[in-house]
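If you read the sequence shown in my numbering, its first letter stands for residue 870, the second for the next number, and so on.
See below for the structure under consideration.
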Amino acid sequence: MKIVVPVDGSDPSLRAVKHALAMAKGARSAEILLVTVQNMVALGASDIGVLDPSLVVQAARRNGERALRKAIALAKAAKIRFSTRNEMGAIAETVERIARKEKADQIVMGTRGLGGVRGLLLGSVTTQLVHLATVPVTLVK
């Protein structure tokens, strides 16, 4: 069983990691793929304009490493086989592409409700991923 878990370092994403690890413990053979996806918004650079590409890559690497730190510690403590990916791009599309390419059996991700009209107008990464994914998606509150 291969489970992809998008991680951004937030409490909801860490709860998803814990849930995926619990699922993996019950499986005969399991691997967790911890994925963090950086983009200009996540890097706080969406309003800046043109940036030196090497600075963007460095910032993405640092943010990704920071986002993965606690998730990696949880996976090591659980003694579950895992790997990590730190990518740039649109979050939902990138997670879906990785899950498809890696032949994942499932995606487990945390939710963060935007609530009210804002959630209806803007949608969310969770909603986008549920619509794009070709494998089951488990949402963890």
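Note that beta-carbon positions come from the ideal geometry of N, C-alpha and C, so glycine has one too.
Would you kindly check if the distance between the Cβ of residue j and the Cβ of residue i is under 8 Å?
i, j, result
"ALA899", "ILE872", "yes"
"GLU971", "LEU902", "yes"
"ILE967", "VAL886", "no"
Report the partner residues of residue i according to the DSSP bridge assignment.
i, result
"ASN955", "THR905"
"PRO875", "VAL904"
"GLN927", "Its beta-bridge partners do not exist; DSSP assigns none."
Is it buried or exposed for residue i, if we count other Cβ within 10 angstroms and need 16 for buried?
i, result
"SER923", "exposed"
"VAL877", "The residue you asked about is not Val; residue 877 is Asp in the sequence shown. The residue is buried, with at least 16 neighbouring Cβ atoms inside 10 Å."
"VAL926", "exposed"
"SER882", "buried"
"THR995", "buried"
List the whole-angstrom C-beta distance separating residue i from residue j, where the pair is believed to meet the contact cut-off of C-beta under 8 Å.
i, j, result
"VAL964", "ILE949", "So it is not a contact: roughly 19 Å between Cβ atoms."
"ALA973", "LEU1001", "So it is not a contact: roughly 13 Å between Cβ atoms."
"ALA889", "VAL874", "5 Å"
"VAL1006", "GLY958", "With 8 Å as the limit, VAL1006 and GLY958 do not qualify as a contact, their Cβ atoms being about 18 Å apart."
Any chance the CB of residue i is under 7 Å from a heavy atom of the ligand GDP?
i, result
"VAL906", "For the ligand GDP, the structure offers nothing, since it holds no ligand at all."
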